[in-house]
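Inspection log for the structure reproduced underneath, given as structure tokens.
Protein chains: 2
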Amino acid sequence: MTRSLDRLTLLETFVRIAERGSISAAARDLGLSQASASRQLADLEERLGAQLIVRSTHHLSLTKAGERCLADARLLLAEWEGFAEDFAGDADRIAGPLKIVVPVALGQTVALDCAVAFQAAHPEIVLDWILDDAPNRFSEVGCDLWLRVGAVPDETLIVQPLAEVERIVVAAPGLVGPADGDPQALANVPCAALHPFEGGRWPLTGPLGETADLDARVTFASNNIATTKRVAVAGGGYAIMPRWLVAAELEAGTLVEPLPGWRAASLTINAAFAPARRQTRRLRLFIDAMKDGLAGLA
Amino acid sequence: MTRSLDRLTLLETFVRIAERGSISAAARDLGLSQASASRQLADLEERLGAQLIVRSTHHLSLTKAGERCLADARLLLAEWEGFAEDFAGDADRIAGPLKIVVPVALGQTVALDCAVAFQAAHPEIVLDWILDDAPNRFSEVGCDLWLRVGAVPDETLIVQPLAEVERIVVAAPGLVGPADGDPQALANVPCAALHPFEGGRWPLTGPLGETADLDARVTFASNNIATTKRVAVAGGGYAIMPRWLVAAELEAGTLVEPLPGWRAASLTINAAFAPARRQTRRLRLFIDAMKDGLAGLA
DNA sequence: TATTGTTATACACTTAACGTATGACTCGAT
DNA sequence: ATCGAGTCATACGTTAAGTGTATAACAATA
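Protein chains in written order, with our numbering: chain A, -4 to 293; chain B, -4 to 293.
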């Protein structure tokens, strides 16, 4: 009987090499010698009959086959983990890493509160909390969970809505004169928007359910909502903001609502994750905790 | 770095042991010594932290955990195989085993024709063709594909309809006098039915789309349609049969249609298989070939 | 009872994966 | 240009774990 090293271990090594972009770095992470890691990668390539990684002394890159293999290897490893977890002798022990990518503003505020409470409740879970506003592809970051405000640009993922985000119009006091409940009073006022901003106007809904389109003169756009808020507070323009993000400023009076009762279309906070047939228990628990914690956001 | 034997190999050994109900028999199948097989099973149990099999010298049985593990192990192994297949150097080579469980009548006739043609087209695929009318659970037989006429009694499976089966009323010549197109003329005629037969009557549709219920005096019932046909040919009763199953007898005149143009509700031939996220190529090809081959059945 | 088959385990053997060492290469600093 | 540091692949001796053989205990059957 031919003995062979664990196929799943080969996949783990490959995934770590791909994530680190270096055989040596991955070997150090995994507690192997560089030679062993190099050989395990070669073994996997031989077993699968395809080159997965193009080697050079200072730069590794994935082949097309390597990219496919990376996604599928992650899924297979997740399947094994979920499978093995079902039989764990200590069925109530919830442990292991969770890598979560979350937009900066959300990840510094309400979602962070939820995550901290979750981690306190499950101290053996290690949270890797990555704040990132870049519209990365899920497959590039290799995380367990991707929190997004708004649409998830990857149809291969399972998307679970967690909460709705109410958005209101805010501005620094003095930037806007009395709008008298008319959205068009802001048509020529500078606007600080989130990038990408499309359509040139904000569809708004008023206190009585009436609708109006506010034409937007965008003078500042960023992919980071916290900077957009800073610009608004500094009087650089009005902004459309989640209420929870500006609650303190509204309380302090550094921001006001020039259009009280008017709201922009709400956005959904979504949890996105890979469609492994079986999720680890800690991921499911985390998603549930996040959904509960964000439920009072509206 | 701790070296470990392949986790997937441990699962393969476990599945074979469970299917054979014997560590020794599985070891012989796999080309291992009995001692190695025994140890691999013990290793898997230790790794998962659960007892999977209750041992005795002459009888092995699965624990509850073992039953779950069996289903999931099969899926994980299928996932690996589909995954590895994607990278095979010889991408056009279609090889490996396929275990198919099929009702006896279907498996001796039209489905067999399709399977034989498929095997001729793909000589490196080994078909394990199991005829079985027993209403087994899918998980008991451990096959790749389960062909069923009618509903599939397992909601965990993916069910793909392949063809519709037209069913007509047939009887031996002389059993029934002229029915004059009236289904109730057969109400007191003995009927040979398939087991289980429920409802006590046959809903029929006539040549002009008219409907009638034929009350059934069932004097013979079997789970094997071929025996039901034999009873019909022998004059033991009329029967509701797929047209393709009695085509030869109708041609030879050993069976006649006492109700020409009347038909019973058609049944669907379904292909059922486990919801692994990725199917092996040969299974997909086989299902497609079966669907094409049965398309002209109606 | 004897025979045959089962599973678990001790023991010596086998072998593949291990780490160390080395060479070729690349990059950045001087 | 040289030097130092880091990269990856591979040869070689070592290590560790899985292997089969042998054995004991048990169970079923004739």
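No residue lacks a Cβ here, since even glycine has one placed at the ideal position from N, Cα and C. In this text the structure is predicted, and so the values were computed from the model without any measurement.
Closer than 9 Å at the beta carbon, the chain A residues around residue i
i	result
leucine 36 of chain B	Within 9 Å Cβ-Cβ: nothing; leucine 36 of chain B doesn't reach chain A, min ~14 Å.
leucine 0 of chain B	Arg(-2), Ser(-1), Leu0, Asp1
aspartate 24 of chain B	Per Cβ cutoff of 9 Å: no residues; aspartate 24 of chain B is ~12 Å from chain A at best.
Beta-carbon gap between residue i and residue j smaller than 8 Å
i	j	result
leucine 47 of chain B	leucine 57 of chain B	yes
phenylalanine 78 of chain B	leucine 71 of chain A	yes
arginine 272 of chain A	arginine 277 of chain B	no
valine 144 of chain B	leucine 101 of chain B	yes
glutamate 74 of chain B	glutamate 246 of chain A	no
leucine 250 of chain B	valine 228 of chain B	yes
leucine 181 of chain B	tyrosine 233 of chain B	yes
glycine 201 of chain B	glycine 256 of chain B	yes
leucine 280 of chain A	valine 105 of chain A	no
glutamine 294 of chain A	alanine 22 of chain A	Residue 294 of chain A is absent from the structure shown; chain A starts at -4 and stops at 293.
arginine 50 of chain A	isoleucine 163 of chain A	no
valine 154 of chain A	aspartate 127 of chain A	no
lysine 94 of chain A	aspartate 139 of chain A	yes
alanine 66 of chain A	aspartate 149 of chain A	no
alanine 167 of chain A	glycine 91 of chain A	no
aspartate 1 of chain B	leucine 0 of chain A	yes
proline 178 of chain B	asparagine 265 of chain B	no
alanine 216 of chain A	alanine 188 of chain A	yes
Environment of residue i [buried if 16+ CB atoms lie within 10 Å]
i	result
isoleucine 18 of chain B	buried
threonine 8 of chain B	buried
proline 185 of chain A	buried
valine 111 of chain B	exposed
alanine 13 of chain B	buried
glutamine 274 of chain A	buried
asparagine 340 of chain A	Nothing can be reported for residue 340 of chain A: it is not among the residues displayed for chain A, which extend from -4 to 293.
glutamate 119 of chain A	exposed
glycine 169 of chain A	exposed
valine 121 of chain A	exposed
glutamate 41 of chain B	exposed
threonine 52 of chain B	exposed
proline 198 of chain B	exposed
methionine -4 of chain A	Bear in mind that the predicted position of methionine -4 of chain A carries a pLDDT of just 45, short of 50, making it too unreliable to give a figure here.
lysine 224 of chain A	buried
glutamate 80 of chain A	buried
leucine 289 of chain A	buried
proline 98 of chain A	buried
isoleucine 282 of chain B	buried
arginine 88 of chain B	exposed
Where the alpha helix (DSSP H) through residue i begins and ends
i	result
leucine 55 of chain B	Unbroken run through leucine 55 of chain B: none, as it is neither H nor E.
isoleucine 18 of chain B	18 to 25
glycine 102 of chain A	99 to 103
alanine 30 of chain B	29 to 43
alanine 234 of chain A	Not the alpha helix (DSSP H): alanine 234 of chain A falls in the beta strand (DSSP E), residues 234 to 237.
valine 10 of chain A	2 to 15
glutamate 193 of chain B	Premise fails: glutamate 193 of chain B is in no alpha helix (DSSP H) and is neither H nor E.
glutamate 244 of chain B	242 to 247
glycine 288 of chain B	276 to 289
Contact set between residue i and chain B, taken where Cβ atoms lie within less than 9 Å
i	result
tryptophan 257 of chain A	In chain order: nothing, as chain B lies at least about 46 Å away.
alanine 60 of chain A	Asp81, Phe82
cysteine 298 of chain A	Past the edges of chain A, shown from -4 to 293, lies residue 298 of chain A, and the structure says nothing about it.
beta-carbon residue i near the ligand FAD non-hydrogen atom, thresh 7 Å
i	result
glutamine 29 of chain A	Only the bare structure without any ligand can be found here, which leaves the ligand FAD out of the picture.
Chain A residues whose Cβ lies nearer than 7 Å to that of residue i
i	result
leucine 43 of chain B	Ala79, Phe82
aspartate 67 of chain B	Phe78
Enclosing beta strand (DSSP E) for residue i [first to last residue]
i	result
alanine 268 of chain B	Inspection of the sequence shows that residue 268 of chain B is occupied by phenylalanine rather than by alanine. 258 to 268 is the span of the beta strand (DSSP E), which, as asked, contains phenylalanine 268 of chain B.
alanine 271 of chain B	It is not in any beta strand (DSSP E) - alanine 271 of chain B carries neither H nor E in the DSSP assignment.
isoleucine 89 of chain A	From DSSP, isoleucine 89 of chain A is part of no beta strand (DSSP E); its letter is neither H nor E.
alanine 188 of chain B	185 to 189
Within chain B, partners of residue i - CB distance below 7 Å
i	result
glutamate 74 of chain A	Leu71, Glu74
arginine 272 of chain A	Arg272
* Asked: Going along the chain, which unbroken runs of the beta strand (DSSP E) with 3 or more residues stay wholly within the stretch 109 to 166 of chain A?
  -> As far as the stretch 109 to 166 of chain A is concerned, its whole beta strand (DSSP E) runs of at least 3 residues are 120 to 126, 140 to 144, 153 to 165.
* To do: Could you tell me which uninterrupted beta strand (DSSP E) segments, each at least 3 residues in length, are contained entirely in the stretch 196 to 226 of chain A, listed from first to last along the chain?
  => With a minimum length of 3 residues, the continuous beta strand (DSSP E) runs that stay inside the stretch 196 to 226 of chain A are 196 to 200, 206 to 210, 212 to 217.
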